[in-house]
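J.:
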Amino acid sequence: MRIVPVPFDHPDAAKLMDAVQQVYVERYGDADATPMNPEQFDPPRGLFLVGYQGDEPVACGAWRAHDGPAPDFQDGDAEFKRMYVADSARGRGFARMILFELERTAALSGRKRAVLETGTKQPEAIALYTSSGYVEIPKFGVYKNEESSRCYGKDLSGV
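Yeah, the sequence shown ends on 169 if you go by the working numbering, and it's all consecutive.
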């Protein structure tokens, strides 16, 4: 898989984000309501990645910088968003490749900790994050009061 940084509003990014929103609708009954401004994903304070197999966009992930406010975020945080691999490309390690590239680029941009929110109806995501060194942290964001929400973090100093 070839991983390419693209603008948040790139057609391939939009296609993959629409697909992941459909997964949220199927599993939780609604699309993700977390506010996201496209400019938040512009370098150097953010990044949107698309993974290609040949010319086909098959995976994505993004991060945006946060520097507080506490208790939700700490100075130096990178919040990961829109991790997704198309059904046709699953089981090939692409999610782990996107996750590693998000960690690497966030660390190169001076981010100290990766944080993310997922849910109990995404056991494959939880398994990926915990097997990649993420630990559960206090809930943050739009879903911090939702029972099915889970938040994870990882120190990026060793990346």
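Glycine is no exception: its CB is placed at the ideal position from the N, C-alpha and C atoms.
Bear in mind the structure is a predicted one, so any value in this text is a computation, not a measurement.
With C-beta atoms as the reference, is leucine 166 less than 8 Å away from alanine 124?
T.: Yes. Within cutoff.
J.: Can you find the residues in the same chain that come closer than 7 Å, C-beta to C-beta, to glycine 163, ignoring five residues on each side of it along the sequence?
T.: Result list for glycine 163: Arg123, Ala124, Val125, Tyr144, Val145, Ile147, in chain order.
J.: Work out the CA separation of proline 54 and arginine 102 for me, nearest whole Å.
T.: The alpha-carbon atoms of arginine 102 and proline 54 are separated by roughly 29 Å.
J.: Pull up the distance between the alpha-carbon of phenylalanine 51 and that of alanine 116, whole angstroms please.
T.: Roughly 11 Å between the two C-alpha positions.
J.: Where does valine 114 land, buried or exposed, given buried means 16+ other C-beta within 10 angstroms?
T.: For the record, residue 114 in the displayed sequence is arginine; it is not valine. Arginine 114 should be labelled exposed.
J.: Name the DSSP beta bridge partners of proline 170, please?
T.: The displayed coordinates of the chain run from 11 to 169. Any statement about residue 170 would go beyond what the structure contains.
J.: Report, in whole angstroms, the separation of the C-beta atoms of alanine 72 and arginine 92, which I expect to be a contact under 8 Å.
T.: Their Cβ separation, rounded to whole angstroms, is 5 Å, which keeps alanine 72 and arginine 92 in contact under 8 Å.
J.: Would you call the CB atoms of alanine 43 and valine 169 closer than 8 Å?
T.: For alanine 43 and valine 169, no; Cβs fall outside 8 Å.
J.: What three-state label does DSSP hand threonine 115 in the structure shown?
T.: The answer is helix: DSSP assigns threonine 115 an H, G or I state.
J.: Of the residues Asp77, Gly120, Leu59, which one's Cα is nearest the Cα of phenylalanine 110?
T.: Cα-wise, what sits closest to phenylalanine 110 is Leu59.
J.: Quick one: which unbroken alpha helix (DSSP H) runs of 4-plus residues sit fully inside the region 65-145? Chain order, please.
T.: Taking only runs of at least 4 residues, the alpha helix (DSSP H) segments lying wholly in the region 65-145 are 104-118, 133-141.
J.: In the DSSP assignment, the alpha helix (DSSP H) including arginine 9 goes from what residue to what residue?
T.: In the structure as shown, the chain starts at 11 and stops at 169, and residue 9 therefore has no counterpart that could be examined.
J.: Here's a check: name, in chain order, each residue in its chain whose Cβ is nearer than 7 Å to the Cβ of aspartate 82, leaving out the five neighbours to either side.
T.: Correct list, in chain order: Phe150, Gly151.
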